[in-house]
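Taken in order, these protein sequences are the chains called A and B.
Note that the working numbering numbers the first sequence so that position 33 is 34, with each residue one more than the last.
Note that the working numbering numbers the second sequence so that position 248 is 249, with each residue one more than the last.
In this text, a Cβ means the ideal position worked out from N, Cα and C, and glycines have one as well.
Quick caveat: nothing in here was measured; it's all calculated off a predicted structure.
2 protein chains.
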Amino acid sequence: MVTRGEDGVSAEKREVILKAIEELNYRPNVLARSLVERRTRILGVMISDLRNPFFGGVVSGIQGRAAELGYRVLFNTGDRQRELEEEAIESFLDLSVDGLVLASPRVDDEFIARAGHSVPIVVLNRNTIDDLSDSVTNDNIAGARLAVEHCVSFGHERIAFISGGDSAAAQVRREGYLRAMREFDLADDILIVEGVHTEEGGFRGARELLKMKSLPTAVFASNDLCAIGAMNALEEAGLTIPDDLSVVGYDNTTLAALRHIDLTSVDQPGNVMGRSAIDRIAERINGERLTPRHDVVAPSIVVRSTTGPPPDQRKGVTPSTKPIENTSHLNGSE
Amino acid sequence: MVTRGEDGVSAEKREVILKAIEELNYRPNVLARSLVERRTRILGVMISDLRNPFFGGVVSGIQGRAAELGYRVLFNTGDRQRELEEEAIESFLDLSVDGLVLASPRVDDEFIARAGHSVPIVVLNRNTIDDLSDSVTNDNIAGARLAVEHCVSFGHERIAFISGGDSAAAQVRREGYLRAMREFDLADDILIVEGVHTEEGGFRGARELLKMKSLPTAVFASNDLCAIGAMNALEEAGLTIPDDLSVVGYDNTTLAALRHIDLTSVDQPGNVMGRSAIDRIAERINGERLTPRHDVVAPSIVVRSTTGPPPDQRKGVTPSTKPIENTSHLNGSE
DNA sequence: ATGAAAGCGCTAACAT
DNA sequence: ATGTTAGCGCTTTCAT
Numbered sequence: 002m003v004t005r006g007e008d009g010v011s012a013e014k015r016e017v018i019l020k021a022i023e024e025l026n027y028r029p030n031v032l033a034r035s036l037v038e039r040r041t042r043i044l045g046v047m048i049s050d051l052r053n054p055f056f057g058g059v060v061s062g063i064q065g066r067a068a069e070l071g072y073r074v075l076f077n078t079g080d081r082q083r084e085l086e087e088e089a090i091e092s093f094l095d096l097s098v099d100g101l102v103l104a105s106p107r108v109d110d111e112f113i114a115r116a117g118h119s120v121p122i123v124v125l126n127r128n129t130i131d132d133l134s135d136s137v138t139n140d141n142i143a144g145a146r147l148a149v150e151h152c153v154s155f156g157h158e159r160i161a162f163i164s165g166g167d168s169a170a171a172q173v174r175r176e177g178y179l180r181a182m183r184e185f186d187l188a189d190d191i192l193i194v195e196g197v198h199t200e201e202g203g204f205r206g207a208r209e210l211l212k213m214k215s216l217p218t219a220v221f222a223s224n225d226l227c228a229i230g231a232m233n234a235l236e237e238a239g240l241t242i243p244d245d246l247s248v249v250g251y252d253n254t255t256l257a258a259l260r261h262i263d264l265t266s267v268d269q270p271g272n273v274m275g276r277s278a279i280d281r282i283a284e285r286i287n288g289e290r291l292t293p294r295h296d297v298v299a300p301s302i303v304v305r306s307t308t309g310p311p312p313d314q315r316k317g318v319t320p321s322t323k324p325i326e327n328t329s330h331l332n333g334s335e
Numbered sequence: 002m003v004t005r006g007e008d009g010v011s012a013e014k015r016e017v018i019l020k021a022i023e024e025l026n027y028r029p030n031v032l033a034r035s036l037v038e039r040r041t042r043i044l045g046v047m048i049s050d051l052r053n054p055f056f057g058g059v060v061s062g063i064q065g066r067a068a069e070l071g072y073r074v075l076f077n078t079g080d081r082q083r084e085l086e087e088e089a090i091e092s093f094l095d096l097s098v099d100g101l102v103l104a105s106p107r108v109d110d111e112f113i114a115r116a117g118h119s120v121p122i123v124v125l126n127r128n129t130i131d132d133l134s135d136s137v138t139n140d141n142i143a144g145a146r147l148a149v150e151h152c153v154s155f156g157h158e159r160i161a162f163i164s165g166g167d168s169a170a171a172q173v174r175r176e177g178y179l180r181a182m183r184e185f186d187l188a189d190d191i192l193i194v195e196g197v198h199t200e201e202g203g204f205r206g207a208r209e210l211l212k213m214k215s216l217p218t219a220v221f222a223s224n225d226l227c228a229i230g231a232m233n234a235l236e237e238a239g240l241t242i243p244d245d246l247s248v249v250g251y252d253n254t255t256l257a258a259l260r261h262i263d264l265t266s267v268d269q270p271g272n273v274m275g276r277s278a279i280d281r282i283a284e285r286i287n288g289e290r291l292t293p294r295h296d297v298v299a300p301s302i303v304v305r306s307t308t309g310p311p312p313d314q315r316k317g318v319t320p321s322t323k324p325i326e327n328t329s330h331l332n333g334s335e
């Protein structure tokens, strides 16, 4: 009672006990408490890729909101491998965490559904099919459309897409790209090369692009890491960005905001999404809601200096006077 | 016995039990087991700054080695704040983890010593004073010397240092800078501006530098983030790197290797250090060693394109023909 | 090889 | 207000 700050003890005795606790360096056994209380007040968070700076904002949001609600948070990662993700999640289930946040997981829907029987789950940036888990996503379809639209507004038509591999968000962004291209009557210009959500993935994707007989004038990469890798490959091939080719990324990570990169990118608010995830978990834990909820937050586009008009529309324009829209250098995704 | 793969059960019975486990979706209660076994097989890892890509390599190393040794790993971060770090660590102690890795912590020595009474601790990139905890560091004195020596080899004399704030590694790097400057008879050229181990910190530090009447010809920043922030400020002020000013970072993160940044940086092998940390923990857990051990790994310098000769030694050299030493673009710290 | 019993450190329910 | 007891789900020890 004393250790939990409850009443039912006289003030004098309380003092004695507290002193004894101090002296003996006593620490209540959380394991034993959790065993009998049947809850741990711990939330598990599985981050698919700790190296992707996008998750930095997500982590902050999760930590902040969890602390406000009195939960402890523990993190784990699957290092972009499905099997390791499964282990990480099993680990949390073994620990009997009270709730689970899965950030861009690549495990099966079935796996999530099964885990959902043991504990409330919120999935970030991916939809879930079962009735037990919630999701918080950014509208990747709309985000991809923003990217394409931005290029179109400059006059681009041949806009290629470097895909993001097997992640769920990547699939939706690809679909968003396809839809947007059709919407703008550019169905014939659709061009997709396969990539991965890493710098290496973007690098390879761009190399594929460079093999083609005629290059696109703009490239939309499935995330910032991928876009940066692509830029490396393109510039290594002697191309100038954005004069020869425009590049758009996704996530608006701190990387994109670096002056040396200054990448136009679709922004998704990781911090807000992290906070929402914790709110959804708390609702489930408290039994305040039994039906699934799927939050979708709106993306926006942050225009920096990697996008501009296509080459054929800037004849006579000298590089030094070309228009550069360049906003918010330091405005990362947090 | 069955769940632990032990013998002492007949094969037929075992099969029956395993089938029942499957059907009932039974999951052994790790909490109860840990309560009685007095160990959790869980290692806690507190990372001071999840946003710093240097720790990506550390995390991989830790995960890999821990998995090999049969430990589960859980991560937590203090988000660069001492108090949050303490909470994160308390959290792990409450959980009764079997071991604790603290990566570049900013908590007090006393705090670490106290925690060391409950559980084996290995501290990364910082020395510990007590007899109960071990440490794995890179030789920051030697690393700082490498940075200064590299500049000196180009002919630089006025080499400034942008400090890294209150982190332990930052203090040692500062000391290493001072020693190296004296060693190369450049004591009169010592110039330190205060920074922090973030992009913002480097940006501000460089702004301080820019206020001075005469600029240094080289800047050694306490880590890569800091160096990149400094480069932003310097280039915004119209300076060209490395023609007007050379820049060296520390950590050789994936950021430094980005083609658009291509930063000369002192490399410390995060992956190796992470693996060593787990080995030290395991030794302590198994009671194989009772005396503290302090591993020091040697840093190296990766030369890229942000360093070159000082302006006064390249008269008549046109920018296009200036020598650029540029190695290992994609050789990050992992 | 199998069963029964004790106890890890705590909370909750009941008794004093 | 305080003391006592049972039991959370497991492992370990001792009997069978």
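Apart from the 5 residues on each side of it in sequence, glycine 165 of chain B sits with its Cβ closer than 7 Å to the Cβ of Ala171, Arg174, Gly196, Val197, His198, Ser223, Asn224, Cys227 in its chain, given in chain order.
Scanning chain B for C-beta atoms nearer than 7 Å to the C-beta of phenylalanine 185 of chain A yields nothing, as the closest lies near 30 Å away. The count of Cβ pairs closer than 8 Å, one atom from the region 71–85 of chain B and one from the region 68–87 of chain A, reaches three, so the stretches are in contact.
Non-local C-beta neighbours of leucine 85 of chain A in its own chain, meaning closer than 7 Å and more than five positions away in sequence, comprise Gly79, ordered along the chain. When 9 Å is used as the limit between beta carbons, aspartate 245 of chain B is near no residue of chain A, the shortest such separation being about 16 Å. Closer than 8 Å to the CB of threonine 241 of chain A there is not a single CB belonging to chain B. Residue burial is scored here from C-beta neighbours: valine 137 of chain B has at least 16 other C-beta atoms within 10 angstroms and is therefore classed as buried. Per the C-alpha coordinates, the member of A/Arg208, A/Ser105, A/Glu7, A/Ala21 positioned closest to valine 46 of chain A is A/Ser105. Taken through DSSP and simplified to helix, strand or coil, valine 149 of chain A comes out as helix. A Cβ-Cβ contact shorter than 8 Å links isoleucine 302 of chain A with alanine 148 of chain A.
One finds Leu36 in chain A with Cβ atoms closer than 8 Å to the Cβ of alanine 33 of chain B, taken in chain order.
Apart from sequence neighbours up to five positions away, the residues of its chain that approach isoleucine 113 of chain A with a beta-carbon distance below 8 Å are Leu103, Pro106, Ile122, Val124, Thr129, Asp131, Ser134, ordered along the chain. Ranked by how close their Cα comes to the Cα of aspartate 140 of chain A, the residues A/Gly6, A/Ala21, A/Glu289, A/Pro300 have A/Pro300 in first place. The beta carbon of serine 92 of chain A falls within 8 Å of a beta carbon belonging to chain B, placing the residue at that interface. Within the DSSP secondary-structure output, serine 247 of chain B pairs in a beta bridge with B/Ala219. Leucine 96 of chain B is bridged by DSSP to nothing; it lacks a bridge partner. Under the DSSP definition of a beta bridge, methionine 182 of chain B lacks any partner.
Around aspartate 110 of chain A, the same chain offers Thr129, Ile130, Asp131 as residues with beta carbons nearer than 8 Å, after the five sequence neighbours per side are excluded. Taking 9 Å as the cut-off between beta carbons, the residues of the region 75–89 of chain B near chain A are Leu75, Phe76, Asn77, Thr78, Asp80, Leu85, Glu88, Ala89, in sequence order.
As DSSP reads the structure, aspartate 296 of chain A sits in a beta bridge with A/Val137. DSSP, reduced to helix, strand and coil, places valine 108 of chain A outside both helices and strands of the structure shown, so it counts as coil. By the neighbour-count definition (other C-beta atoms within 10 Å, threshold 16), histidine 151 of chain B is a buried residue.
Look at aspartate 252 of chain B here: in three-state DSSP terms it is strand. Against asparagine 253 of chain B, chain A offers no close residue; the least beta-carbon distance is about 15 Å (beta-carbon pairs closer than 9 Å). Just measuring C-alpha positions, the residue of A/Asp280, A/Ile286, A/Gly275, A/Pro312 sitting nearest asparagine 126 of chain A is A/Gly275.
The DSSP-derived three-state label of asparagine 53 of chain B is coil. For arginine 34 of chain A, the enclosing alpha helix (DSSP H) has its first and last residue at 31–38.
Taken atom to atom, the span from the alpha-carbon of glutamate 200 of chain A to that of alanine 219 of chain A is near 18 Å.
For the options A/Glu176, A/Leu25, A/Asp167, A/Arg66, the alpha carbon positioned closest to that of isoleucine 142 of chain A is the one of A/Glu176.
From the beta-carbon of methionine 232 of chain A, the residues of chain B found nearer than 8 Å are Arg260, His261. In terms of Cβ geometry, isoleucine 282 of chain A and glycine 100 of chain A form a close pair [threshold 8 Å]. Excluding five sequence positions before and after alanine 188 of chain A, the CB atoms of its chain that fall closer than 7 Å to its own CB belong to Met182, given in chain order. Contact between threonine 308 of chain B and phenylalanine 155 of chain B is confirmed by a C-beta separation of about 7 Å, below the 8 Å threshold. Under the 8 Å criterion on CB atoms, aspartate 140 of chain A is classed as non-interfacial with respect to chain B.
Spatial neighbours of asparagine 26 of chain B in its own chain (CB-CB distance under 7 Å, excluding positions within 5 residues in sequence) are not present. The beta carbon of valine 3 of chain B is closer than 7 Å to those of Val10, Arg15, Ile18, Leu19 in its chain, skipping five residues each way along the sequence.
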